[in-house]
Amino acid sequence: RSPTPTPEALAWNGTGSTRNLFAIVLGRCYTYTQLLRPGLGSEACPKILDAFKSAFISKNPCDIMKEDYQPLVDLVNQTVPCNKSLFWSKSKELAHQYSWVQGGMFTLEDTLLGYLADDLTWCGDPSSVEPNYQSCPRWNECLNHTGSVFWKVISQKFAESACGVVQVMLNGSLSKPFHKSSTFGSVELFSLDPRKVHTLQAWVMHDIRGNYSDSCSGPSIRELESIVNKRNITFTCQNNYRPARLVQCVKNIEHSSCASKI
Ligand code: NGD
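Just add 54 to wherever you are in the sequence shown, counting from 1, and you've got this note's numbering.
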C-alpha cells in the first residue's frame with residue numbers, strides 16, 4: 055500500500071508567515087503588557103495568542119472575515135486618551151520615530167493589537183494546523199485577505215475610539231500625500247466620530263533632502279480638507295510640523311531647515 059500523501063499547502067505569490075510567528079506574538083504581548091505599559095494585564099496573553107491563532111489557522115487565507123478577528127479584538131479593551139491619536143499614511147517610519155521620541159502619542163502600533171502584529175506576515179492553510187510558512191497571498195491577491203482584514207478591523211476600532219483633536223502625518227514628497235483608497239483614507243477617516251472628534255490636524259512632512267513644496271495648499275490635501283469639513287470636523291494643515299522635522303534632523307543635522315530659529 056502506498057502511504058497517504060500529506061496534502062499540499064496552497065501556493066500564493068507573497069512571502070510566507072514570519073518564522074516563529076506565535077513565539078513573537080506571545081513575546082510581544084508580554085513585552086507590551088508587562089514592560090511597556092504595565093497596567094493592561096499580562097495574564098490575558100495566552101488567551102490573546104489563542105484568539106489570534108483561531109482567527110486564521112486552518113482557513114483559506116483569502117476567505118477571512120472581520121468576524122474572525124472579533125474574539126481577539128474583544129479580549130483587548132484599550133483606550134487612547136483624547137488628543138493623543140496619531141494616524142499616518144505612507145509615513146510609517148517617521149510617524150513611529152516621532153511617537154517614540156514624543157512619548158505621549160499613540161499610533162495604532164503603539165496600542166497592543168497594532169504592536170503585536172506590526173511588520174509580521176501570517177496566514178493559514180485549510181489542510182494544516184500550522185501557519186503557512188511557504189507562501190501567503192499578497193495584499194492585492196484577494197479581498198478577504200488574512201492580513202488586510204486584520205488591519206482594517208483594528209484601524210477602524212482605533213479611529214472609532216479617537217476623541218478631541220486627532221493628528222495625521224502624511225508624506226508630502228509624494229505627488230498625492232492623501233489617497234482615498236489608503237487605509238487612512240478609506241477606513242480611519244470615515245470611522246472618526248464627529249461627536250467626539252472636533253479637529254483633524256494634518257502634518258505634511260517632506261523628505262529633508264527633497265524640494266520644499268507647499269502641499270497643504272495642493273489638490274490632494276484640499277480633497278482631504280473637503281471630506282473632513284463635510285463630516286463636520288475642523289481641518290488644519292501644517293507643512294513640515296517642526297517637532298517631526300527635528301526628528302528628521304537627527305540624521306541631517308547640517309540641513310538649513312535644521313538650523314535653530316531662535
Ligand atoms: O499591498 C500591500 C500593502 N499595502 C499596505 N500595506 C501593505 N503590505 C503589503 N505587504 N502589501 C501595509 O500597510 C504596509 O505595512 C504599510 O506600511 C501599511 C500602511 O500602508 P500605507 O502607508 O499605504 O498607509 P495606509 O493609510 O494604508 O495605512 C496606514 C494607517 C495608519 O493610520 C495605521 O493606523 O492605517 C493603519 N494601518 C493600516 C494598515 C497597516 C497600519 C498598518 C501597519 N502597521 O502595517
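Where a beta carbon is used, it is the ideal one built from N, C-alpha and C, also for glycine.
- Here S145 is buried. Its C-beta has 16 or more other C-beta atoms within 10 Å.
- In the assembly as shown, M259 is a buried residue. Its beta-carbon has 16 or more other beta-carbons within 10 Å.
- 8 Å or more divides the Cβ of T200 from the Cβ of T253.
- Judged by DSSP secondary structure, C303 falls within the alpha helix (DSSP H) whose first and last residues are R296 to C303.
- Every unbroken stretch of the beta strand (DSSP E) spanning 3 or more residues and falling wholly within the region 209-284 is given here in chain order: 218-225 and 251-259.
- With the rule of 3 Cβ pairs closer than 8 Å, the region 189-197 does not count as touching the region 216-225.
- The three-state secondary structure of N194, taken from DSSP, is helix.
- By a beta-carbon distance limit of 8 Å, R82 does not contact L140. Their separation comes to about 20 Å.
- For C312, the secondary structure class from DSSP, reduced to helix, strand or coil, is helix.
- By DSSP's assignment, F141 forms a beta bridge with V222.
- In this structure, E277 keeps its C-beta atom at 8 Å or more from the C-beta atom of D247.
- Checking the DSSP bridge columns, you'll see S96 has no partner listed.
- By alpha-carbon distance to F238, the top candidate from W142, Y295 and G264 is W142.
- Across the set S108, P135 and C116, the C-alpha of S108 shows the shortest separation from the C-alpha of P125.
- Close CB contacts of P231 within its chain, under the 7 Å cut and outside five residues either way in sequence, are with L224, N225, V258, S269, S274 and I275 (chain order).
- In the displayed model, S202 falls within a helix according to three-state DSSP.
- The alpha-carbon separation between F160 and P61 amounts to approximately 44 Å.
- Taking C-alpha positions only, D179 is separated from D104 by approximately 17 Å.
- Per the coordinates, the alpha-carbon of C177 lies some 11 Å from the alpha-carbon of F106.
- Taking the Cβ atoms as the reference, I102 lies roughly 7 Å from V130, within the contact range of under 8 Å.
- Assigned with DSSP and collapsed to three states, S112 falls in coil, not helix or strand.
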